[in-house]
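Residue numbers (full-length UniProt numbering): 1 to 293. Working notes for the structure below.
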């Protein structure tokens, strides 16, 4: 078993910018010694072209983003930003191939679920899960795929990628009044009120997993965002560390009962306490290993 990381990659940010670059190195450090952690490989351009619109991909490689497009993304465009996004998506693709071989794949990055086929949004340049699914399809995997998105924000880009695709079930459990303001339609959207705590969250998750089980998935991608924690700058939910642990354990029991491959991607986490963000993310990966490896 191994994990992929973008800890070796960074990009310039304005002073005080809220993007948590620190957590990618922090989680890799926290897991060191538990399993091999490899630099995430760069995703092949041909994989991007299987999922994203060719004109969008070519524009990124040739010109990057305009100022307006960078504002929508929430990050200043730079070649270093593009390079890191390529490796983050490559980590999810490599983890998906590991999952097919060993049952579990881990990317200590990814979960960039706000990227649309033709544009960047919400810190998301490429939709890593959509790219990985497209590559698996090209390589001959034809099974039913569940995208289980438990980030605090709706996976709007992911929903658009798979609308009308009966072989992929998109499930998003998120803050109803949170970003994005305009929600897209997933196969199952569960919007939660601001301040939702452990018990109400876990009850909603239980019902959502019942719907997901009826789909009979044969491969699962889990966006394990920890922006659901109380104190997150953008999450607006109120789970405790114990609540996040219970969430993750429930997901891993669900996947174990299915007996299907699982990929875990990091998703969001912007807690006012950086140590809490790192600790919560690292615990998700430890639980995945102890539950499924």
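Just so you know, even glycine gets a beta-carbon here, dropped at the ideal spot from N, CA and C.
- In the displayed model, residue 74 falls within coil according to three-state DSSP, outside both helix and strand.
- Secondary structure note for residue 90: it is in no beta strand (DSSP E), and the uninterrupted alpha helix (DSSP H) holding it is 79-102.
- The three-state secondary structure of residue 284, taken from DSSP, is helix.
- The residue among 231, 229, 19, 282 with its C-alpha nearest the C-alpha of residue 112 is 19.
- Taking a contact as a CB-CB distance under 8 Å, the pair residue 136 and residue 266 does not count as one, their CB atoms being some 20 Å apart.
- Using a Cβ distance threshold of 8 Å, residue 280 and residue 226 count as a contacting pair.
- With 16 or more other CB atoms across the displayed protein chains lying within 10 angstroms of its CB, residue 217 is buried.
- Taking the Cβ atoms as the reference, residue 237 lies roughly 15 Å from residue 208, outside the contact range of under 8 Å.
- Comparing alpha-carbon positions, the option among 200, 284, 258 lying closest to residue 241 turns out to be 284.
- Fewer than three beta-carbon pairs drawn from the stretch 175-189 and the stretch 123-136 are found closer than 8 Å, and the two stretches are therefore not classed as touching.
- For residue 7, same chain residues with a beta-carbon under 7 Å away, outside a window of 5 residues either side, are 24, 25, 28 in chain order.
- Residue 219 is a Cβ neighbour of residue 143, given a cutoff of 8 Å.
- With a threshold of 16 other beta carbon atoms within 10 Å, residue 124 meets it and is buried.
- Within the model, the alpha-carbon separation for residue 81 versus residue 91 is close to 15 Å.
- Per DSSP, the continuous alpha helix (DSSP H) segment holding residue 48 begins and ends at 45-51.
- Assignment of residue 119 by DSSP, reduced to helix, strand and coil, places it in the strand class.
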